[in-house]
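Going by my numbering, the residue at position 40 of the sequence shown is 40; the numbering climbs one at a time, nothing skipped. Built from N, CA and C at the ideal position, the CB exists for glycine as well.
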Amino acid sequence: MFAYPGDLDTRTGGYIYDKRLLGELGRQEVHVGRLPLGDGFPQPAPDTMRNAETRLRALAPGTRVIIDGLAYGAMGDIAEMLASRLRIFALVHHPLAFETGIPPAEAEILRISETRALAFAERVITTSSTTARTLVEHFGVDHECIAVAPPGTDEKPLARGSGTRKV
1 MFAYPGDLDT
11 RTGGYIYDKR
21 LLGELGRQEV
31 HVGRLPLGDG
41 FPQPAPDTMR
51 NAETRLRALA
61 PGTRVIIDGL
71 AYGAMGDIAE
81 MLASRLRIFA
91 LVHHPLAFET
101 GIPPAEAEIL
111 RISETRALAF
121 AERVITTSST
131 TARTLVEHFG
141 VDHECIAVAP
151 PGTDEKPLAR
161 GSGTRKV
């Protein structure tokens, strides 16, 4: 199961990565259901968070679920309960507290929540070795629990040159 906030068709790097991940798993014949968690993460309205919790609780015990970090980092208060029922794999594109433009008090709340949530993830998937190091150094994630899956690009044929003149 893949649980995600917002609209998976939003054209941002994070959502494009998520869709690519799902596509690659499908090509390997790994069926992954999709579970939308609602809008507003990482600071959802209380009703949205309750709905997300209800949807995750409804999964069968022992279900493997990849939860996108935009939502999972905000689930510090329910992560332990979720981990007692589910096999959680957190997908962290970038730590929430380290986003630019966030007021320091808000960043600290996100850091505490994300640190707490990540402590209950069975595995953590990151998009770069830099993010992996950051999670180890600043969020207490055991490096043995981290898998780095960098984004890639589709192979395309080489472009034909327009001449031999050097630029």
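Closest in C-alpha terms to L21, from the list L37, D39 and I125, comes I125.
Fully contained in the region 41-89 are the following alpha helix (DSSP H) runs of length 4 or more, in chain order: 46-57, 69-72 and 79-85. Bounds of the alpha helix (DSSP H) holding F139 are S129 to F139. Selection A90, E29, H143 and A121 evaluated against S84 yields A121 as nearest (Cα-Cα). The residue among T127, L96 and R123 with its C-alpha nearest the C-alpha of I112 is L96. Per DSSP, reduced to three states, the secondary structure at I102 is coil, with no helix or strand assignment. D7 sits exposed, since fewer than 16 C-beta atoms from the chains shown fall within 10 Å of its C-beta. Apart from the 5 residues on each side of it in sequence, A132 sits with its Cβ closer than 6 Å to the Cβ of T126, I146 and V148 in its chain, given in chain order. Between the C-alpha atoms of R87 and R160 there is a straight-line separation of about 49 Å.
Judged by DSSP secondary structure, R123 falls within the beta strand (DSSP E) whose first and last residues are R123 to T126. Per the coordinates, the alpha-carbon of A71 lies some 9 Å from the alpha-carbon of P44. A direct Cα-Cα distance of roughly 15 Å separates A117 from A52. Going by beta carbons, R34 and F89 fall outside the 8 Å limit.
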